[in-house]
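Participant: The numbering of the sequence shown is my numbering, which starts it at 1 and goes up by one.
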Amino acid sequence: MSTAPFVLRTEDLKKDLNVGEVTVQALRGVSLTVQRGEFLGIIGPSGSGKSTLLGLIGGLDTPTSGRVFIDGTDITDLNERALTRVRNEKIGFVFQFFNLIPTLSALENVALPIQFARHSPFNPHKRAKELLTLLGLDDRLGHRPTQLSGGQQQRVAIARALANNPALLLCDEPTGSLDSASSETVMKALRDVQRNTGTTVIIVTHNMDIAAQMDRLVTLVDGHLASDVDVESSAQMAAVKVLKEKRATTEIKAVP
Ligand SMILES: Nc1ncnc2c1ncn2[C@@H]1O[C@H](COP(=O)(O)OP(=O)(O)O)[C@@H](O)[C@H]1O
Ligand SMILES: [Mg+2]
1 MSTAPFVLRT EDLKKDLNVG EVTVQALRGV SLTVQRGEFL GIIGPSGSGK STLLGLIGGL
61 DTPTSGRVFI DGTDITDLNE RALTRVRNEK IGFVFQFFNL IPTLSALENV ALPIQFARHS
121 PFNPHKRAKE LLTLLGLDDR LGHRPTQLSG GQQQRVAIAR ALANNPALLL CDEPTGSLDS
181 ASSETVMKAL RDVQRNTGTT VIIVTHNMDI AAQMDRLVTL VDGHLASDVD VESSAQMAAV
241 KVLKEKRATT EIKAVP
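1. Short of 7 Å in beta carbon distance, which residues of its chain neighbour GLU11, apart from the five on each side in sequence? Order them along the chain.
2. Taking PHE93 as the reference, which of VAL186, GLY58, ASN18 has the closest Cα?
3. Anyone know if the C-beta pair for VAL204 and ARG216 falls short of 8 Å?
4. Could you please give me the residues that DSSP links to PHE6 through a beta bridge?
5. Helix, strand or coil for HIS125 per DSSP?
6. Would a C-beta distance cut-off of 8 Å place GLN147 and LEU100 closer than the cut-off?
7. Measuring alpha carbon to alpha carbon, tell me which residue in GLY223, GLY49, GLN213 is nearest GLN194.
8. In whole angstroms, what is the alpha-carbon distance linking SER120 and PHE97?
9. Within the continuous beta strand (DSSP E) that includes ILE91, where are the two ends?
10. Does ARG118 pass the burial test, meaning 16 or more other C-beta atoms within 10 Å, or should it be called exposed?
11. Does DSSP put GLY150 in a helix, in a strand, or in coil?
12. Leaving out five residues on either side along the sequence, give the residues of the same chain with a beta carbon under 6 Å from the beta carbon of ALA159.
13. Taking the alpha carbon of ASN207 as the point to measure from, which residue in ASP179, ASP139, THR64, ALA161 has its own alpha carbon closest?
14. Listed by chain order, which residues have C-beta atoms less than 6 Å from any heavy atom of ligand 3?
15. Okay, do the stretch 179 to 193 and the stretch 23 to 30 touch, 3+ Cβ pairs below 8 Å being the bar?
Here it is in structure tokens:
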């Protein structure tokens, strides 16, 4: 791992998307620095660019302009092969739908990315068991996805994302398809991961209950970074609390 103090930096990141004849400016210049071990939320209304930003950070897509640095590496101009390597070694993804392989057990799902890694220092089954234990699933190792609840499946997906010890865990609406009890277990699991492994966790959400649990919140509005709040500070904590109480719907309205 690099010794750079920040694990992620984006510089004036822009992304244009072509929809037929029309160009949508999904991101209009986002500069964001994230320190190692942060527990960061990215919030904002639907369509504000959250998923686009996460995709660029994770090397799933390339920016129209601007730069992305991951763990000391400038990934902006890497070719597809080098980018794939960065993605496999430094990034873990968790999505709203768990995307587990239905024919494999929880243990086998988590072991798979280690088996695919070319020079992994890990024993696949041993590490898979350790990660599933960390996520409270040590009694579910042999279960297939259909034999698990939604919250349990998402915790398997989190363990799988951590398999190759990434610098960054990127979660796009990780509780978006879960009931509130399962959401709570998943959020607790993500917090345990951040505390116990020091992994930097970034969570995209439009749910204010989730947002209120983050240490720092950045807000995207229309492809811009509209605010950056350290919720340790009490005034800002109060603002987050008010936001939480005001949520008539789970969607945050754009700031005019
Ligand atoms: N594949 C795509 N092609 C065209 N436009 C897209 C595509 N993905 C997203 N967009 C547009 O880009 C903007 C940002 O989308 P997105 O990043 O998905 O927002 P969010 O995750 O905050 O809901 C929206 O206007 C959306 O309609
Ligand atoms: Mg999205």
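Using N, Cα and C, we set each Cβ at its ideal position, and we do this for glycine too.
Facilitator: Let me spell this out:
1. SER31, GLY66, ARG67
2. GLY58
3. no
4. GLN35
5. helix
6. no
7. GLN213
8. 27 Å
9. 91 to 94
10. exposed
11. Correct three-state label for GLY150: helix.
12. VAL110, LEU131, LEU132, LEU135
13. ASP179
14. Ligand 3 is not part of this structure, which contains only ligand 1 and ligand 2.
15. no
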